[in-house]
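Structure record follows, encoded as structure tokens.
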Amino acid sequence: MTWRVPLFDTRFGSAEEEAVLRPLRAAWLTMGEEVRALEEELAQLCGAAHAIALCNCTAALQLAAAALGLGPGCEVLCPSLTFVASASAPRQTGARIRFCDICGPDDLTLDPDALAQAITPATKAIVAVHYAGFPCQMEAIGALAAKHGLAVIEDCAHAVFSRYGGKMLGLHGHAGCFSFYSNKNITCGEGGAIITNDAALAERIRLMRSHGMSVPTLERHAGHAFSYDVTLAGFNFRLDELRAALLRAQLKRLPGFLDQRRQVFEWYSARLAGSPIHMPFLGSRFSECFSTTAVHILAVLLPEHTNRAAVMTHLKARGIQSSIHYPPLHLLSAYRDPAVRLERTEALAARELTLPLFPAMAESDVEYVTSGLLSAVAGQRRQERGQTPSERGLPPAAPTVRSAH
Ligand SMILES: Cc1ncc(COP(=O)(O)O)c(C=O)c1O
3 MTWRVPLFDT
13 RFGSAEEEAV
23 LRPLRAAWLT
33 MGEEVRALEE
43 ELAQLCGAAH
53 AIALCNCTAA
63 LQLAAAALGL
73 GPGCEVLCPS
83 LTFVASASAP
93 RQTGARIRFC
103 DICGPDDLTL
113 DPDALAQAIT
123 PATKAIVAVH
133 YAGFPCQMEA
143 IGALAAKHGL
153 AVIEDCAHAV
163 FSRYGGKMLG
173 LHGHAGCFSF
183 YSNKNITCGE
193 GGAIITNDAA
203 LAERIRLMRS
213 HGMSVPTLER
223 HAGHAFSYDV
233 TLAGFNFRLD
243 ELRAALLRAQ
253 LKRLPGFLDQ
263 RRQVFEWYSA
273 RLAGSPIHMP
283 FLGSRFSECF
293 STTAVHILAV
303 LLPEHTNRAA
313 VMTHLKARGI
323 QSSIHYPPLH
333 LLSAYRDPAV
343 RLERTEALAA
353 RELTLPLFPA
363 MAESDVEYVT
373 SGLLSAVAGQ
383 RRQERGQTPS
393 ERGLPPAAPT
403 VRSAH
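Counting with this note's numbering, you get residues 3 to 407 for the letters of the sequence shown.
In structure tokens form, the structure reads like this:
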């Protein structure tokens with residue numbers, strides 16, 4: 003399907019084309035000069051002591067969980083309104099996942115009070131997901147973690163790269179995990195990274211990234227060693243040189259991309275102000291850091307009881323792609339637990355709709371999308387007014403009490 007306005011639109015230029023030729027010409031394809039330079043550039047950009055390049059963010063989350071020792075018997079607190087990797091990664095290392103609720107319609111990130119209530123003696127870590135690029139309440143989460151001796155893994159897949167309270171997201175906890183997947187703020191197809199200021203943790207992550215081998219292949223190629231030891235059980239979560247080179251070229255364009263993303267967000271908020279569509283993340287906590295926020299997806303909340311599928315179909319007929327972020331994890335088969343009720347997550351996820359957002363979007367595109375959305379919602383309301391409550395799937399209205407006069 004060719005969309006008139008797609009959900010995201012990745013464009014590469016001659017800088018990216020040139021970049022991927024470098025490792026081909028150097029004939030060294032993995033964990034070489036490009037990965038080393040990328041890690042240096044990421045660390046510098048983030049103000050991090052350590053940056054470790056990886057094959058994707060799911061691997062980054064799993065590696066962080068493994069390096070922090072989150073195994074069987076450990077509980078990890080995680081939002082349900084996130085991509086499944088936030089939960090599946092610590093589950094893969096043997097931890098039990100406990101889902102926690104989000105704040106509310108103006109803030110779709112983890113609720114620190116819900117976290118506090120969920121903590122048990124078995125709780126060992128929190129996965130803080132910066133949904134849509136907007137920061138969790140890291141002061142409150144950090145205080146809670148310090149009080150109970152918990153590790154904090156930041157899932158920054160959407161927050162490439164956001165500053166909050168003067169510090170890069172990813173450095174507020176113990177390890178910050180990033181995604182460079184195709185639809186992310188910058189991309190190399192598949193890619194990820196961890197940033198941390200903890201030298202011992204970084205060392206463990208580096209070892210675990212490549213089978214726990216004490217000497218990498220490049221060192222042996224350079225003639226610095228003949229053999230190696232394996233000091234722990236690791237993975238192969240390495241990033242190759244072609245992707246690292248591509249990402250380095252993208253990194254240079256990131257500041258421009260982020261400015262454009264924030265501009266598109268502002269166009270949306272101006273167009274939807276006063277309409278029945280609710281835009282989260284407009285409160286003062288977010289406006290204070292907006293100029294350094296990454297803004298990855300454009301999540302809106304439809305009015306209650308709106309038929310979301312019908313709205314998406316209406317948009318599709320106009321060539322507008324939309325999506326849903328996310329089906330709550332605690333309602334998916336692999337994670338379903340009838341004992342878990344997350345009222346805000348369930349109510350708000352049912353109303354969430356993701357609209358197109360990408361740097362090259364023009365104001366006229368935003369006008370086209372919002373007009374389509376508003377006409378879809380208005381059309382549904384007109385239709386509803388013509389229906390009885392039971393046709394709309396609602397309980398019958400209570401009988402009207404007439405005045406005696
Ligand atoms: C919140 C979140 N966490 C983790 C991931 C996993 O990232 P990757 O595809 O790089 O493994 C994604 C991917 O979309 C994501 O949205």
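Here a beta-carbon is modelled for each residue, glycine too, at the ideal position from N, C-alpha and C.
| Asked | Found |
| --- | --- |
| Proximity to Ala-301 [Cα-Cα], best of Glu-268, His-316, Arg-38 and Glu-243 | Glu-268 |
| Proximity test, Val-131 beta-carbon vs ligand 1 heavy atom, cut-off 7 Å | yes |
| Ligand 1 site residues, beta-carbon cut 6 Å against heavy atoms | Asn-58, Cys-59, Thr-60, Thr-84, Phe-85, Ala-87, Ser-88, Val-131, Asp-157, Ala-159, His-160, Ser-181, Tyr-183 and Gly-194 |
| Length of the line joining the Cα atoms of Asn-58 and Phe-292 | 27 Å |
| Between the CA atoms of Ala-380 and Gly-168 - distance to the nearest angstrom | 42 Å |
| Option nearest Arg-264 by Cα separation, candidates Pro-361, Ala-204 and Ser-90 | Pro-361 |
| Cα-Cα separation between Glu-20 and Ser-229, rounded to whole angstroms | 35 Å |
| Bridge partner(s) assigned by DSSP for Ile-104 | Leu-112 |
| Anticipated Cβ contact below 8 Å, Leu-355 with Arg-310, distance rounded | 6 Å |
| Runs of alpha helix (DSSP H) lying entirely within the region 362-390, each at least 4 residues, in chain order | 365-387 |
| Buried versus exposed call for Glu-306 [16 or more other C-beta atoms within 10 Å across all chains shown] | exposed |
| First and last residue of the uninterrupted alpha helix (DSSP H) at His-150 | 140-150 |
| Distance, Ala-124 Cα to Ile-279 Cα | 41 Å |
| Opposing strand residues paired with Ser-212 [DSSP bridges] | Asn-238 |
| Three-state class that DSSP yields for Ile-207 in the structure shown | helix |
| Limits of the alpha helix (DSSP H) - the one that Ala-44 falls within | The sequence given here places Leu at residue 44; Ala does not occur at that position. Note, Leu-44: alpha helix (DSSP H), 35-48. |
| Alpha-carbon spacing of Phe-163 relative to Cys-138, whole angstroms | 14 Å |
| From Leu-334, Ile-128, Glu-42 and Ala-312, residue whose alpha carbon lies closest to that of Ser-409 | Here the chain has residues from 3 to 407 only, and residue 409 is not among them. |
| Cβ shell of Gly-73 (< 7 Å), same chain only, five flanking positions each side left out | Thr-95, Gly-96 and Ala-97 |
| Nonlocal neighbours in the same chain, by C-beta distance under 7 Å from Pro-8, ignoring five residues either side | Gln-323 and Pro-358 |
| Spatial distance of Cys-76 from Ala-55 (CA atoms) | 27 Å |
| Helix, strand or coil at Arg-222 according to DSSP, with G and I counted as helix | helix |
| Assigned secondary structure, Asp-157 (DSSP; H/G/I helix, E/B strand, else coil) | strand |
| Member of Ser-377, Asp-339, Met-363 and His-298 whose CA lies at the smallest distance from the CA of Ala-134 | His-298 |
| Distance, Leu-173 Cα to Tyr-337 Cα | 29 Å |
| Spatially closest choice to Cys-48 from Gly-151, Leu-171, Ala-147 and Val-129, by CA coordinates | Leu-171 |
| Coil, strand or helix - Met-3 by DSSP | coil |
| Val-154 beta carbon less than 8 Å from that of Leu-118 | The amino acid at residue 118 is misidentified as Leu; the sequence shows Ala. Going by C-beta atoms, Ala-118 is not nearer than 8 Å to Val-154. |
| Secondary structure of Tyr-337, DSSP reduced to three states | helix |
| Cβ shell of Thr-189 (< 7 Å), same chain only, five flanking positions each side left out | Thr-12, Phe-182, Tyr-183 and Gln-252 |
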